[in-house]
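*Asks:* One structure follows; several queries about it will come next.
Shown next, in the form of structure tokens:
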């Protein structure tokens, strides 16, 4: 660290070039920040502590196939089950059938199983007391400028209401907030309505349930409980499939697209380009400074120190650009989210992404600095000073 | 004051550059071809143009001596173009697959306000009414070419997945008329399923996605075993589906006599309006009627846009990075050739030819990068198969499509990056005082 001023002076020797290199690095790490954020949120989806403790039971035939209500009691009696709730697709859409919104009819105790959704006590009471009440995610409220207390007309793309049309009317009684802002994008975009009201109103449902959610007392018992739940309806005409929420989400995400592969290949291309750009700059910088490095050696700097100086320079450059880039991505994420009206949800950058980014910065810094540094270390003083 | 003026000049150049780039992105190819021809004529016919050509000739002939640093420009731009074209080809392939699926002379009838086939239900009475509507083509035996179909999202094990890992496939229950409504579907292996048996034919896309989809094998759909008896290919989104006898599917999934949709072949695309009006005016029905082309276009709209936006955002950020890389390299090039350029100017070459020469050199490198990037994207991604959930229910398999149009827009990006990356170093080369440049080392 005592040579920091030397390294700094080296960087400032050609301000334009340093600035331009820095900007390339910033661009690369900005991309990294945005993409890794997305990859991370896909990986983390449903993978929370609660996600492991919750089991989802759906029809084995198809995820749109309903299950009989009678399963509720029987699942509740499986040893190891703490509580069970259920929900149903509603298929809500606002104004245009293609403008679909995640909306579920849920049991009264649904919120008990989802501590990730924060609902104030007053709102919860209002929801419990209003038959036609709905809880709306904060993101949705903002997106459509809804207010608590207003009537909310929704179309269902699946179910007709009691009057035979697809038009439903609800009352917004409260808001849902995600307690975890980092991965909570999903809860912000949801509408919950009463399963009971839904079931009473539509002639199509007749007491059926889309899926059950079970909370187990002990996460290590999840597998056994899941098997026990599936055993209830084995060989019936409504066989079930139970898995932890984490596993269910993961397999769903995997079907959406092979995100990891696509993000990975983009990142590969970005870094290949970056390494090349920065490596070239470093090589240039060392070539230009040949005589200066020779002077350093002449006044007694050992070879190893010269090597370290050049390496430190390139690592510093990458760290500088990288930190700015990732910080920029962190700041840009919310703007992208707001701009896309909820279509894209870039999460905040977590410590995991940060640590990967830092490792990459140091690693790439060492990689691109290595060749020039070795070249500098092996400099022959006499030749270098003579300009040969 | 001097500083302020130079700042103002920089700002002006920047504004002109931004405007130029927008015009560049929007210009169709004949305009650009005209520009190129005008530029070539200028080089051939005017004095300063000839000067520019000779200076550029020297620069380009010495490129090989600067291979290391020049390759940075080439590879940097190739990277940008490859990523951009790959992302856009994914959006294009997705859109294409769905766009090819429908046609203007087949109509899809769904229950009112259903966003997708799988969400709709039509009872037997409605189906009978729909089949008698005017405008539907008739088969040789005089029956209307309308196919009531059941669509179910069925769970099947994914190929290469863990034993318990299921994916969702669109299982379509059809009657005998479905084949006539969709003449593009060809059985490529095995045979069609037989009515009344638990037999399925599998689309080639679904075959690639799910395990055990070979002729002669048994798969489990619902709570029953089904025999795979054939593989079909249509070249569109239907390839991701599994087809079976409608009654068997309905009984397995407890659908009774209701169906999800009626697909009708119209005698002529012009009949659609009358057909739609007839259904809308019938008090016994509450249905939405679209042409299948429109239905699938609408289904793909949002996803295509999301992929495209992501591609352009990623491409833009990368392009910015590459511009700085190109700037760096070209500044360095100009710096190493400062003396040479100054000598040229000392013996009477004007600023413009020098600017043009440096620009030409960069654009040439950019062009090379663009070509390499496009070729890479084409080699790696053209025909690359991906899949995603579509239509709310099933895996849709689609191929990346690197079209000529995409390659062209990639090339445009490359040249734009080269232009920006070359402009400022070129201006610097042309405006550096000759005396100080001659002294420079």
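Residue numbers (our numbering), protein chains in the order written: chain Y, 4 to 391; chain L, 726 to 1166.
From the three backbone atoms N, C-alpha and C, an ideal C-beta is built for every residue, glycine too.
Give me the residue from Y:150, Y:178 and Y:99 with the minimum Cα distance to residue 127 of chain Y.
*Replies:* Of Y:150, Y:178 and Y:99, the residue nearest in Cα terms is Y:178.
*Asks:* Closer than 7 Å between beta carbons: that is the criterion. Which residues of the segment 51-82 of chain Y meet it against chain L?
*Replies:* Residues passing the 7 Å Cβ filter: 63, 64, 65, 66, 67 and 68.
*Asks:* Taking 7 Å as the cut-off, is the CB of residue 142 of chain Y close to at least one heavy atom of the ligand NAD?
*Replies:* Annotation note on the ligand NAD: not contained in the displayed structure, which lists no ligands.
*Asks:* Anything in chain Y within Cβ reach of residue 985 of chain L, meaning under 9 Å, just list it in chain order.
*Replies:* Under the 9 Å cutoff, chain Y gives no residues; its nearest Cβ is about 11 Å from residue 985 of chain L.
*Asks:* Using a 10 Å radius around the Cβ and a threshold of 16 neighbouring Cβ atoms, would you call residue 81 of chain Y buried or exposed?
*Replies:* When all chains shown are included, residue 81 of chain Y counts as buried.
*Asks:* Against chain Y, which members of the segment 957-985 of chain L pass a CB distance test of less than 7 Å?
*Replies:* Listed in sequence order: 978.
*Asks:* By the three-class DSSP mapping on this structure, what secondary structure does residue 853 of chain L have?
*Replies:* It is helical.
*Asks:* Can you have a look at residue 1025 of chain L and say buried or exposed, based on whether 16 or more other CB atoms are within 10 angstroms of its CB?
*Replies:* Label assigned to residue 1025 of chain L: buried.
*Asks:* Can you confirm whether residue 1084 of chain L, when its beta carbon is compared against all beta carbons of chain Y, has any partner nearer than 8 Å?
*Replies:* Judged by the 8 Å Cβ criterion, residue 1084 of chain L is not in contact with chain Y.
*Asks:* On the three-state DSSP scale, how would you describe residue 355 of chain Y?
*Replies:* It is helical.
*Asks:* Which value, in whole angstroms, describes the spacing of the CA atoms of residue 910 of chain L and residue 812 of chain L?
*Replies:* Taking the straight line from one Cα to the other gives about 29 Å.
*Asks:* Do the segment 61-79 of chain Y and the segment 875-887 of chain L touch if we need at least three Cβ pairs shorter than 8 Å?
*Replies:* Short answer: they touch.
*Asks:* Start and end of the beta strand (DSSP E) containing residue 958 of chain L?
*Replies:* 949-958 is the extent of the beta strand (DSSP E) around residue 958 of chain L.
*Asks:* Closer than 8 Å, CB to CB, is residue 780 of chain L near chain Y or not?
*Replies:* Residue 780 of chain L does not count as touching chain Y.
*Asks:* Helix, strand or coil: which one does DSSP assign to residue 880 of chain L?
*Replies:* Residue 880 of chain L: strand per DSSP, three-state reduction.
*Asks:* Measure the beta-carbon distance from residue 827 of chain L to residue 1020 of chain L and round it to whole angstroms, keeping in mind my assumption that it falls under 8 Å.
*Replies:* Indeed, because the Cβ distance is near 6 Å, the residues count as touching under 8 Å.
*Asks:* Taking 8 Å as the threshold (beta carbon to beta carbon), is residue 275 of chain Y in contact with chain L?
*Replies:* Closer than 8 Å to some Cβ of chain L, the Cβ of residue 275 of chain Y qualifies, so yes.
*Asks:* Look up residue 968 of chain L in the DSSP assignment and say whether it is helix, strand or coil.
*Replies:* It is a strand residue.
*Asks:* Quick check on residue 95 of chain Y: does DSSP put it in helix, strand or coil?
*Replies:* In the structure shown, residue 95 of chain Y sits in a strand (DSSP, three-state: E or B).
*Asks:* Mind checking if residue 112 of chain Y is an interface residue toward chain L, Cβ cutoff 8 Å exclusive?
*Replies:* It does not: the Cβ of residue 112 of chain Y has no partner Cβ on chain L nearer than 8 Å.
*Asks:* What residue range does the beta strand (DSSP E) around residue 105 of chain Y cover?
*Replies:* Where residue 105 of chain Y is concerned, the enclosing beta strand (DSSP E) stretches over 105-109.
*Asks:* Between the C-alpha atoms of residue 799 of chain L and residue 319 of chain Y, what's the straight-line distance to the nearest angstrom?
*Replies:* Approximately 26 Å, taken between the alpha carbons.
*Asks:* If the cut is a Cβ gap below 8 Å, which residues of chain L does residue 284 of chain Y touch?
*Replies:* Within chain L, the residues near residue 284 of chain Y are 1053.
*Asks:* Please check the pair residue 1122 of chain L and residue 991 of chain L, which I expect to be a contact at CB under 8 Å, by giving their CB distance rounded to whole angstroms.
*Replies:* The pair is not a contact, with the Cβ atoms about 28 Å apart (cut-off 8 Å).
*Asks:* Would you identify the three-state DSSP class for residue 60 of chain Y, choosing helix, strand or coil?
*Replies:* It is a strand residue.
*Asks:* Whole beta strand (DSSP E) runs in the segment 962-1014 of chain L with 3 or more residues, listed along the chain?
*Replies:* The segment 962-1014 of chain L contains these whole beta strand (DSSP E) runs: 966-970 and 986-990.
*Asks:* Expressed to the nearest angstrom, what Euclidean distance is found between the alpha-carbon atoms of residue 308 of chain Y and residue 298 of chain Y?
*Replies:* Going by the C-alpha atoms only, they are around 13 Å apart.
*Asks:* Alpha carbons only, please: which of Y:305, Y:11 and Y:23 is nearest the one belonging to residue 1052 of chain L?
*Replies:* Nearest option by C-alpha distance: Y:23.
*Asks:* Along chain L, in chain order, which residues have C-beta atoms closer than 7 Å to that of residue 161 of chain Y?
*Replies:* What residue 161 of chain Y touches in chain L: 844.
*Asks:* Just by C-beta distance, which residues in the segment 7-22 of chain Y are closer than 7 Å to chain L?
*Replies:* Cβ contacts with chain L: 19 and 20.
*Asks:* For residue 1006 of chain L, count neighbouring C-beta atoms within 10 Å of its own C-beta (all shown protein chains included) and say buried if the count is 16 or more, exposed if not.
*Replies:* Classification of residue 1006 of chain L: exposed, given that the 10 Å Cβ count is below 16.
*Asks:* At least one CB of chain L closer than 8 Å to the CB of residue 322 of chain Y: is that the case?
*Replies:* For residue 322 of chain Y, the answer is no, since every Cβ of chain L falls outside 8 Å of its Cβ.
*Asks:* Can you list, in chain order, the residues of its chain whose CB lies under 6 Å from that of residue 1108 of chain L, leaving out five sequence neighbours each side?
*Replies:* For residue 1108 of chain L, where only same-chain residues beyond five positions count, the Cβ hits under 6 Å are 1124.
*Asks:* Note the first and the last residue of the continuous alpha helix (DSSP H) segment covering residue 797 of chain L.
*Replies:* First-last of the alpha helix (DSSP H) with residue 797 of chain L: 792-826.
*Asks:* Short of 8 Å in beta carbon distance, which residues of its chain neighbour residue 960 of chain L, apart from the five on each side in sequence? Order them along the chain.
*Replies:* 825 and 909.
*Asks:* Where do the ends of the alpha helix (DSSP H) carrying residue 1065 of chain L lie?
*Replies:* Where residue 1065 of chain L is concerned, the enclosing alpha helix (DSSP H) stretches over 1063-1071.
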